[in-house]
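Visitor: Handing you this structure, nothing more for now.
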Amino acid sequence: RLTITGDDQANGIQSLLVTGTAVTVTPDGSTSVNGQPAGMAVTLPGAATSLTANLLGGNDSLSINGSSDFALTGAATFNLGGGNNTLNLTTTGHVTLGSLAVTSGSGSSSVTVSPGAGPGTVNGRALFSFGPGGTNTVALSNTSFPGPAGVRVTAGISGSNVVTANNVTVARTFSLNTGRAASTQLQTFTNDTLGGLAMTGANPSLSLTSSTINGNLSEIGNLSSNCSTANVVAVTGNVILRSGGSAGLITGPPLMNGTFTARNVTVSGPGVVTFFTGGTSATINGNLSVTGQGLPSIQVQTSGLTEVKGNVVEGGGSRQTTFLTLGPFKADRNVTVRTAPNNTIAAVIIGTSTAPAAIQGNLTVATGNGQLGMALTNVTVGGATRIMTGAGPDTLQFNATTFQGAFTANTGAGADTLQIDATTFQGAFTANTGAGNDTFNIAQAAGMPAPVTFTGRVVINAGPGNDTLRLGRSTGDANSRAVFSVPTSSLNGGPGFNTYFKSTSQVTGPANFLNWTNA
């Protein structure tokens, strides 16, 4: 066993060379070893199988020889002590250790493990545990950690950690505590393969590039929790981001190549809560859940398909809730968007003319008394559609969309607007718009690929208020037309002065009109 003991002065070891027959320690010009003059190298005969270094106080540094292998079959244990310390295990050769433990006292520490010939290997546990105060950095590259304990990085009170991992393989979980400091420190993982990644701290923030996690990815933050991915990132397990403030998962970036896959994704917190997909594609093999009391947001902006093979749930927002797909989107099961009862505004915008969307299950949108702006374009909904809103003014727009199941909209009080073009309702259609001056603009646009077709029974109850109905447009074209199929269909304007622009309408099929004044 090789033992290195420092003192409370600032000491430096420029080169620690371990061979099969001897150990050579070369200090800097202000440090002496074993009573020799400062700066003189000392060679200790015999093979070292393990190392214990206690550097004590002062601003110390220790580096291995930069052009030779550093191999210990046993443990390598470094106690850096207090102060601002540096441990540099960088070499053009191999680094092979039985285990690695790095601890420190108060102050800031910098630790680097970077073999050039590799990968390097730490066969047992790898622990980096830092004391209170300061910002600590851990830089790992070209190293494999095959042991059952994985890699663990911890921070002391009021301290923070910054980890960079490049071309690192960990068989089990990489556990990282980023510290309690209020400032956000970005953790960067590139070209890595991990058995799992678990991050905690005040503000854990992760950049994940070209990496695979064969397990779960979790970030639990006291104040915030954020993760961004680039290039090809695959998580075979679940992704969980949760914080006491804001939380966000951003894949992509937009308009660039990059794919993201995971099993289930959960993003939650009381502040700004975001799930954003950019890049080429994203695949969630299970469920997607984005919930927050403030501003939850789901945004799809991939150039290829974003697919959620389970259920999509977004909810809880008391201010603004956003569900936006500007890239191709598919949900294999149900999509549910719910806000708090006292919400301010909600925007549900699914599909574009060039980016179709498909929801194979049910679509449910339930908002409070705030305003709902909902637009579906080039969308297919395989199950039932249910829209429930409160007293705010709501706008529902459907264009080139197919509803294969029953459609129900209960929009509550307020001046609500339904605008429908080139859309087919294959099941029953029910719209109860409640009190307020409501407007129905159906099949008003020219140049549409199809008319508005109601295959099932239609029931419209406009409720109290002065309502307006435009049903087809005779001055448009053949598709500026509303098609009814069931004779018992009923359109009831309800109490108030209600206007139906019959003279300019274009309607095919039977329907009953109640409490309307023709214009």
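Just so we're aligned: 159 in the working numbering is position 159 of the sequence shown, and the numbers increase by one with no gaps anywhere.
Just so you know, even glycine gets a beta-carbon here, dropped at the ideal spot from N, CA and C.
None of these values were measured; they are calculated from a predicted model.
#1: Please determine, among S68, L376, L305 and S297, the residue with the shortest C-alpha to C-alpha distance to T283.
#2: Does DSSP classify I421 as helix, strand or coil?
#3: Nearest-angstrom Cα distance between L197 and D416?
#4: Which class does P27 belong to by DSSP, given the choice of helix, strand or coil?
#5: Let me confirm a value: N34 is counted as buried when at least 16 other C-beta atoms fall within 10 Å, else exposed. Which label applies?
#6: For G133, which residues in the same chain have their Cβ closer than 6 Å to its Cβ, ignoring the five residues on either side in sequence?
#7: How far does the beta strand (DSSP E) with G66 in it extend, from its first residue to its last?
#8: Mind checking whether V162 and T137 have CB atoms under 7 Å apart?
#9: Apart from the five residues on each side of it in sequence, which residues of its chain come closer than 6 Å, Cβ to Cβ, to G476?
#10: Do you know offhand how far G271's Cα is from G58's?
#11: Taking CB distances under 7 Å as the criterion, tell me whether T96 reaches chain B.
#12: So, are the CB atoms of A262 and V239 less than 7 Å apart?
#13: Quick one: residues in its chain with C-beta nearer than 6 Å to the C-beta of N11, no 5 flanking neighbours on either side, listed in chain order?
#14: Using only CA atoms, which one of F260, S114, S99 and L176 lies nearest to N231?
#15: Quick check on DSSP: helix, strand or coil for G248?
#16: For M388, I'd like the list of residues in its chain whose CB is within less than 6 Å of its CB, leaving aside the five on either flank, ordered along the chain.
#17: Check S289 in the structure and name its three-state DSSP category.
#18: Between S104, G82, S110 and G74, which has its C-alpha nearest L89's C-alpha?
#19: By how many angstroms is the C-alpha of L97 removed from the C-alpha of S108?
#20: When you compare only the Cα positions, how much space is there between I220 and S211?
#21: Do T274 and G248 have their beta-carbon atoms positioned less than 7 Å apart in this structure?
Guide: Put simply:
#1: As a first step, residue 283 is located in the sequence shown; it is residue number 283 there, counting from the start. The option with the nearest alpha carbon to T283 is L305.
#2: Translated into the one-based positions of the sequence shown, residue 421 becomes position 421. The amino acid occupying residue 421 in the given sequence is Asp; Ile does not appear at that position. D421 falls in the strand class under three-state DSSP.
#3: Position 197 of the sequence shown, counted from the first residue, corresponds to residue 197. Position 416 of the sequence shown, counted from the first residue, corresponds to residue 416. Answer to the nearest angstrom: the Cα atoms are 47 Å apart.
#4: Numbered from its first residue, the sequence shown carries residue 27 at position 27. Looking at P27 - three-state DSSP - the assignment turns out to be strand.
#5: As a position in the sequence shown, residue 34 is number 34, starting the count at 1. Exposed: under 16 other Cβ atoms inside 10 Å.
#6: Within the sequence shown, numbered from 1, the residue matching residue 133 stands at position 133. If we look at G133 and ignore the five residues flanking it on each side, its Cβ neighbours are S106, S158 and G159.
#7: Stepping through the sequence shown from its first residue, residue 66 is reached at position 66. Element bounds for G66: n/a, residue is neither H nor E.
#8: Within the sequence shown, the letter at position 162 stands for residue 162. Within the sequence shown, the letter at position 137 stands for residue 137. Yes, the Cβ-Cβ distance between V162 and T137 is below 7 Å.
#9: Indexing the sequence shown from 1 puts residue 476 at position 476. Closer than 6 Å at Cβ, skipping near neighbours: A446.
#10: Residue mapping note: residue 271 aligns to position 271 of the sequence shown, counting from 1. Residue mapping note: residue 58 aligns to position 58 of the sequence shown, counting from 1. Rounded to the nearest angstrom, the two C-alpha atoms are 43 Å apart.
#11: No chain B is part of this structure, which consists of one protein chain only.
#12: Residue numbering aside, residue 262 sits at position 262 when the sequence shown is read from its first letter. Residue numbering aside, residue 239 sits at position 239 when the sequence shown is read from its first letter. In contact: A262 and V239 (Cβ atoms closer than 7 Å).
#13: For the purposes of this step, residue 11 is taken as residue 11 along the sequence shown, with counting starting at 1. Around N11: T31 and D60.
#14: The residue given as residue 231 occupies position 231 in the sequence shown. Ranking the options by Cα distance to N231, first place goes to F260.
#15: Here residue 248 is taken as the residue at index 248 of the sequence shown, counted from 1. Three-state DSSP puts G248 in a strand.
#16: Taking the first residue of the sequence shown as 1, we reach residue 388 at position 388. The answer, listed in chain order, is A366 and N410.
#17: Residue numbering aside, residue 289 sits at position 289 when the sequence shown is read from its first letter. Of the three classes helix, strand and coil, the one that applies to S289 here is strand, per DSSP.
#18: As a working mapping, residue 89 is identified with position 89 in the sequence shown. Checked all of S104, G82, S110 and G74; the closest Cα to L89 is S110.
#19: Taking the first residue of the sequence shown as position 1, residue 108 is located at position 108. Taking the first residue of the sequence shown as position 1, residue 97 is located at position 97. Cα to Cα, S108 sits roughly 25 Å from L97.
#20: Counted from its first residue, the sequence shown places residue 220 at position 220. Counted from its first residue, the sequence shown places residue 211 at position 211. Distance between the alpha carbons of I220 and S211: 20 Å.
#21: Working through the sequence shown from its first residue, we reach residue 248 at position 248. Working through the sequence shown from its first residue, we reach residue 274 at position 274. For G248 and T274, yes; Cβs fall inside 7 Å.
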